[in-house]
Every structure is written in structure tokens, then in C-alpha cells.
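Undergrad: Have a look at this one before I ask anything.
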Amino acid sequence: MNFWEMIKMAMENIWANRMRSALTVLGIIIGVMSVIMVVSIGQGGKARILREMEGIGTNIFGVYIGSTDDDYEKYRITLEDCRAIEESVESIEALSPLVYGYAVVEASPRKESAYVYGTDSDYNRIQNIRMAEGRFFSSIDNAVSRRVAVINRRLAEELFGSARMAVGKKLKIQQVSVVVCGVAESGSGMFGPESPMVYMPIKLHFELFDSEESINQIYGSAAHKDLVEESARKAIRVLEVRHQVKDSNVYQFVTLSQQMEAVDQVLAIITMIIGAIAGISLLVGGIGIMNIMLVSVTERTREIGVRMAVGARREDIMRQFLLESVVLSVTGGLVGVVLGVGISAVVCMAMKIPAVISFGTIILALLFSIAVGVFFGIYPANRAAKQDPIEALRYE
């Protein structure tokens, strides 16, 4: 019997017990499907985040107050600190302060809770904010504390129905009326759309939220991406000198590369957890294949005796049963691949991230399926090959 005849016989035996075979390979299907899904969705999410970060720019950094056991108040960042950094650090192209709060935004009769950010006109350039309608507020708006604001598309649609309808309309924030001068495009993350947001001149924010003119964070753009960390460290040094800092951990900085490393770490942990679950599923599937093949050996004992009587060698019997085990596991692997790719595509579409199907992962999953079939098929195949032909022919 040649190889293809053995394949045909294996498929016929599997099809004859198709319900039992389907239940047997369920663990293989779930394991392979899980691996394909976690890699595809994880890489798609990473690609989306990377694309959005590159859209902002790779030369961006942020400076903020870290942890300290000392008096927090004396280390608060001020607008004067920002001006000092701009004057002292030549490698910084633009610098923008940022303060934030949370408030109910009202456009009668509708209300919506939103994050409210105070900043200056350079923030638009640093963060590369895309405007859907209108304009971002100007340096003059900020200088005179003009009561204008930029809202994102999501908030515009919630309050006014569309971005175009929002421009020129009034909002009430902290019981103060402001005019919408522009609508920014909303982004979306891996887990849903961006929250409702408002941007306003920082001096207006100080007035509305009574925040004593202290800044939560500074954003800057370096002249070149290779100067990002150097620029951030120099900015921190200016703050340390101005505030007479002795603890070097008071001021911290963050860059896009650091954020990507954090994303990679999270994805690696998720992949490990799902990989462990997939491994258990494959193990359970392998044990199921071994059990069903042992049952098959018992059911086909007389067939084994007949084949040996007409000249089949023990190696032929062993190859036949081992091949059936591998065909069973590979079939489960193929079904898992199809389901994994299909579900990944649907999930990625729903999350609005690119579906990254790794050909290497598919091949690896199928190779692992083959390995499971071989490993858990050796014992039943060996048991079938060791049958005594005379005793096998007597078996009823």
C-alpha cells in the first residue's frame, strides 16, 4: 500500500466516525485558533498604535512630575518654567504646557461629560491634530484668554449632531459660556472610540478650574528624532535647577519609543497567557487523539489480523495508524487556522484595526499540530503493530 492509499484509508476511517473525530480534535481547533487570533489581533493593534504615533511624530516627548516624598507643591511646573526651557534648550523646536480636568459640557438641552484640556496654540503643531471643521485656537486667543474652545468630533456629534453644525455654537463649561472655534478629528484606540474632549486656551482653563496656574505636563518636539531624549533630559535639568531639586526622580519624561516598548511588553504578556491556554488545549486535544486511536485499534483488531495474514508488515500497520493520528490532528489544525483567520478579520474590523495575518504563525501552528499527532499517535500505532495476527483473527 503506497502513501496516498494510506492517506485515503485514513480519511475514510475519520469520515466513518466523523462526529467522534470532530469532538476529538476540538482541543486542537481551539488551541490553533487561539494562537492565530492573539497574534493577528495583537499585531493589528500594535500596527494601529504605531501608525497613530508616527502620525504625531517620532520627535515628541513629554515631561511630568513623578513621585517624591518631599513637598509636592514646590515642584509644580509653571508657565515661567516653560519659557525658561524654551530659552535654554536650543534643540527643542516647540514646547507646549498641558493641564487637564473633567467636567460636564452643556449645549442645551444636551449634556456630555468630557476631558477638558488647557494648552497653547503650539500643541496643535506638536501633536499634529487634524481639524475636521474650523480652526485651532491661536496664540492671540491664548494671550487674551479668549473664551473659545476646540472639541473633538465625537463630542460635536453628541451635542450638535455633526462637526459642521458645532462650529460657532456656544458651550457651557463650569457655568461659563465658550464658543466652539473648531472640531478636531477623533481618534480611536484598540478598545473603542476616543472619549469626548475639549481643548481651550490654558489661561481660560486656569480661570475655569481654579488650578493656581500649575501645569500637569509639558509636551515638546525636538529638532530631530535622535535629539528627543537629550532634549527631554535638558528640559528636566532646567526644572531641577529652577526648583532646587535634590531628588533626581522628581521630574520624569516619556517618549514615543518608550510607549511602544510598553505596548510590546503588554502584548508579550497577553501572548504568553493565551499561548499557555492554547498549549493546554493542544495537550487536551492530543490526549483525545490518543484515546480515540486506542479505541480504533480495539475496534479494528480483526482488520489488523486480516492485513497481517495477507502480508502486511508491522511497520505498515504502525505507519497506517500513525498517519491516521497525524491526519486527524492536521485536520483540526486546518479548521483552527480557518476559524482563527476568519474571527480575527471580523474582530479587527469591529475594532477598526488592521488584520495582520502572519503566514509564519500559520505554518508554526500547523507544524505543531503535526507534532501533536505524531507524539500522541506513537503509542496507539505501536500497540496496533504489536498485535498477534492469530489472536487478532480470533477477535470478535
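All residue numbers for the sequence shown refer to our numbering, where the first residue is 10 and numbers rise by one. We put the beta carbon where it would ideally sit given N, CA and C, even for glycine.
1. So, at 6 Å on beta carbons, what are the nonlocal neighbours of Gly-382 in its own chain, with the 5 sequence-adjacent residues on each side left out?
2. Check for me: the alpha helix (DSSP H) holding Leu-236 runs from which residue to which?
3. When you compare only the Cα positions, how much space is there between Asn-391 and Ile-58?
4. Under 8 Å by Cβ, that's how I've got Asp-90 and Leu-248 pegged, so tell me the actual separation to the nearest angstrom.
5. Note down, in chain order, each residue of its chain lying with its Cβ closer than 6 Å to the Cβ of Thr-264, except the 5 sequence neighbours on either side.
6. Within the continuous beta strand (DSSP E) that includes Lys-179, where are the two ends?
7. Quick one: measure Cβ to Cβ for Phe-145 and Asn-161, integer angstroms, because I've assumed they're closer than 8 Å.
8. Just curious, the alpha helix (DSSP H) that Thr-33 is in, first and last residue?
9. Would you check if the distance between the CB atom of Lys-55 and the CB atom of Leu-276 is smaller than 9 Å?
10. Residues in the same chain with beta-carbon distance under 8 Å from Val-254, minus the five sequence neighbours each way, listed in chain order, please.
11. Spell out the partners DSSP gives Asn-161 in its beta bridges.
12. Can you tell me the Cβ-Cβ gap for Lys-179 and Val-185, rounded? I've got them flagged as a contact below 8 Å.
13. Less than 9 Å separating the beta-carbons of Leu-104 and Ala-244?
14. Should the segment 36 to 53 be regarded as contacting the segment 352 to 368, the criterion being three or more beta carbon pairs within less than 8 Å?
15. Can you say whether Ala-116 is buried or exposed, counting buried as having 16 or more other CB atoms within 10 angstroms of its CB?
16. May I have the straight-line CA-CA distance separating Val-192 from Ala-175, to the nearest angstrom?
17. Based on DSSP bridge pairs, tell me the residues matched to Lys-120.
18. Compute the Euclidean distance between the alpha carbons of Lys-17 and Gln-329, then round it to the nearest angstrom.
19. When the Cα of Ile-366 is compared with those of Ala-31, Met-42 and Ile-278, which residue comes out closest?
20. Is there contact here, the segment 224 to 238 with the segment 97 to 111, by at least three beta-carbon pairs under 8 Å?
21. What residue range is occupied by the uninterrupted alpha helix (DSSP H) comprising Ala-390?
22. Is Glu-99 close to the ligand NAP? I mean its beta-carbon at under 8 Å from any heavy atom of the ligand.
23. Quick one: grab the DSSP three-state call for Gln-253.
24. Considering Val-207, what are the terminal residues of the alpha helix (DSSP H) in which it resides?
25. Provide the residue span of the alpha helix (DSSP H) that contains Glu-307, from first to last.
26. For a test of the three-state rule: what should DSSP assign to Ile-352, helix, strand or coil?
27. Which same chain residues end up closer than 7 Å to Trp-24 when comparing Cβ atoms and leaving out the 5 residues on each side of it in sequence?
28. Work out the CA separation of Ser-97 and Phe-200 for me, nearest whole Å.
29. Please name the residue or residues paired with Pro-363 in a DSSP beta bridge.
30. Shortest alpha-carbon distance to Ile-326 belongs to which of Val-114, Ala-285, Val-293 and Ile-387?
31. Inspect the beta-carbon positions of Met-206 and Leu-168 and report whether they are closer than 9 Å.
32. Since I believe Gly-40 is in contact with Arg-369 (beta carbons under 8 Å), could you give me their beta-carbon distance rounded to a whole number of angstroms?
33. How close, in whole Å, do the beta carbons of Ile-301 and Arg-29 come, if the pair is a contact with beta carbons under 8 Å?
34. Under 9 Å between the Cβ atoms of Val-159 and Met-140?
35. Run through DSSP, which three-state label would Phe-145 get?
TA: Concretely, from the data shown:
1. Taking the first residue of the sequence shown as 1, we reach residue 382 at position 373. Once the five neighbours on either side are set aside, the close Cβ partners of Gly-382 are Ser-334, Val-335 and Ser-338.
2. In the sequence shown, counting from the first residue as 1, residue 236 sits at position 227. Unbroken run through Leu-236: none, as it is neither H nor E.
3. For this step, residue 391 is matched to residue 382 along the sequence shown. For this step, residue 58 is matched to residue 49 along the sequence shown. Straight-line Cα distance between these residues: approximately 52 Å.
4. For this step, residue 90 is matched to residue 81 along the sequence shown. For this step, residue 248 is matched to residue 239 along the sequence shown. At roughly 6 Å, the Cβ-Cβ gap stays under 8 Å, so Asp-90 and Leu-248 are in contact.
5. The residue labelled residue 264 in the question sits at position 255 within the sequence shown. So the qualifying residues of the chain are Phe-70 and Val-237.
6. In the sequence shown, residue 179 corresponds to position 170, counting from 1. For Lys-179, the enclosing beta strand (DSSP E) starts and ends at 179 to 182.
7. One-based indexing of the sequence shown puts residue 145 at position 136. One-based indexing of the sequence shown puts residue 161 at position 152. About 12 Å separates the Cβ atoms of Phe-145 and Asn-161, ruling out a contact at the 8 Å cut-off.
8. The residue you call residue 33 lines up with position 24 of the sequence shown. From DSSP, the alpha helix (DSSP H) with Thr-33 extends over 27 to 33.
9. Start at 1 with the first residue of the sequence shown, and residue 55 comes out as number 46. Start at 1 with the first residue of the sequence shown, and residue 276 comes out as number 267. In this structure, Leu-276 lies closer than 9 Å to Lys-55 by Cβ.
10. Here residue 254 corresponds to residue number 245 of the sequence shown, with the count starting at 1. Correct list, in chain order: Tyr-84, Leu-248 and Tyr-260.
11. Taking the first residue of the sequence shown as 1, we reach residue 161 at position 152. Note: Asn-161 sits in a beta bridge opposite Ala-193.
12. Position 170 of the sequence shown, counted from the start, is the residue given in the question as residue 179. Position 176 of the sequence shown, counted from the start, is the residue given in the question as residue 185. Lys-179 to Val-185, Cβ: 10 Å. No contact.
13. As a position in the sequence shown, residue 104 is number 95, starting the count at 1. As a position in the sequence shown, residue 244 is number 235, starting the count at 1. Result yes, Cβ atoms of Leu-104 and Ala-244 sit closer than 9 Å.
14. With contact defined as three or more Cβ pairs closer than 8 Å, the segment 36 to 53 and the segment 352 to 368 are in contact.
15. As a first step, residue 116 must be located in the sequence shown, where it is residue number 107. So Ala-116 ends up on the buried side.
16. Counting from 1 along the sequence shown, the entry for residue 192 is found at position 183. Counting from 1 along the sequence shown, the entry for residue 175 is found at position 166. Taking the straight line joining both Cα atoms gives about 7 Å.
17. Against the sequence shown, residue 120 aligns to sequence position 111. Within the DSSP bridge table, the entry for Lys-120 names Glu-115 as partners.
18. For the purposes of this step, residue 17 is taken as the residue at position 8 of the sequence shown. For the purposes of this step, residue 329 is taken as the residue at position 320 of the sequence shown. Distance between the alpha carbons of Lys-17 and Gln-329 is about 10 Å.
19. For the purposes of this step, residue 366 is taken as the residue at position 357 of the sequence shown. Answer by Cα proximity: Met-42.
20. They touch, by the three-pair rule.
21. As a position in the sequence shown, residue 390 is number 381, starting the count at 1. For Ala-390, the enclosing alpha helix (DSSP H) covers residues 368 to 394.
22. The ligand NAP is not part of this structure, which contains no ligands at all.
23. The sequence position of residue 253 within the sequence shown is 244, counting from 1. For Gln-253, the three-state secondary structure derived from DSSP is coil.
24. Locating residue 207 in the sequence shown gives position 198, counting from the first residue. Run containing Val-207: none in the alpha helix (DSSP H); it sits in the beta strand (DSSP E), 206 to 210.
25. In the sequence shown, residue 307 corresponds to position 298, counting from 1. Sequence check: residue 307 is Thr here, not Glu. Annotation for Thr-307: the continuous alpha helix (DSSP H) segment containing it runs 265 to 308.
26. Reading the sequence shown from its first residue, position 343 is the one you call residue 352. Secondary structure of Ile-352 (DSSP, three-state): helix.
27. As a first step, residue 24 must be located in the sequence shown, where it is residue number 15. The answer is none, since no qualifying residue turns up.
28. Within the sequence shown, numbered from 1, the residue matching residue 200 stands at position 191. Within the sequence shown, numbered from 1, the residue matching residue 97 stands at position 88. Its pLDDT being 42, under 50, Phe-200 is placed unreliably by the model, and the measurement read from it follows with that caveat. Approximately 40 Å, taken between the alpha carbons.
29. Here residue 363 is taken as the residue at index 354 of the sequence shown, counted from 1. Pro-363 pairs with nothing; no bridge assigned.
30. Start at 1 with the first residue of the sequence shown, and residue 326 comes out as number 317. Ranking the options by Cα distance to Ile-326, first place goes to Ile-387.
31. The residue you call residue 206 lines up with position 197 of the sequence shown. The residue you call residue 168 lines up with position 159 of the sequence shown. Their beta carbons are not under 9 Å apart, which means Met-206 does not touch Leu-168 by this criterion.
32. Position 360 of the sequence shown holds residue 369. Position 31 of the sequence shown holds residue 40. Correcting the residue type first, residue 369 is Gly in the shown sequence and not Arg. That belief does not hold up - the Cβ atoms of Gly-369 and Gly-40 are roughly 17 Å apart, past 8 Å.
33. By one-based count along the sequence shown, residue 301 stands at place 292. By one-based count along the sequence shown, residue 29 stands at place 20. About 6 Å; that satisfies the 8 Å criterion.
34. Counted from its first residue, the sequence shown places residue 159 at position 150. Counted from its first residue, the sequence shown places residue 140 at position 131. Met-140 is positioned such that its CB atom lies closer than 9 Å to that of Val-159.
35. Indexing the sequence shown from 1 puts residue 145 at position 136. In the structure shown, the three-state DSSP call for Phe-145 is coil.
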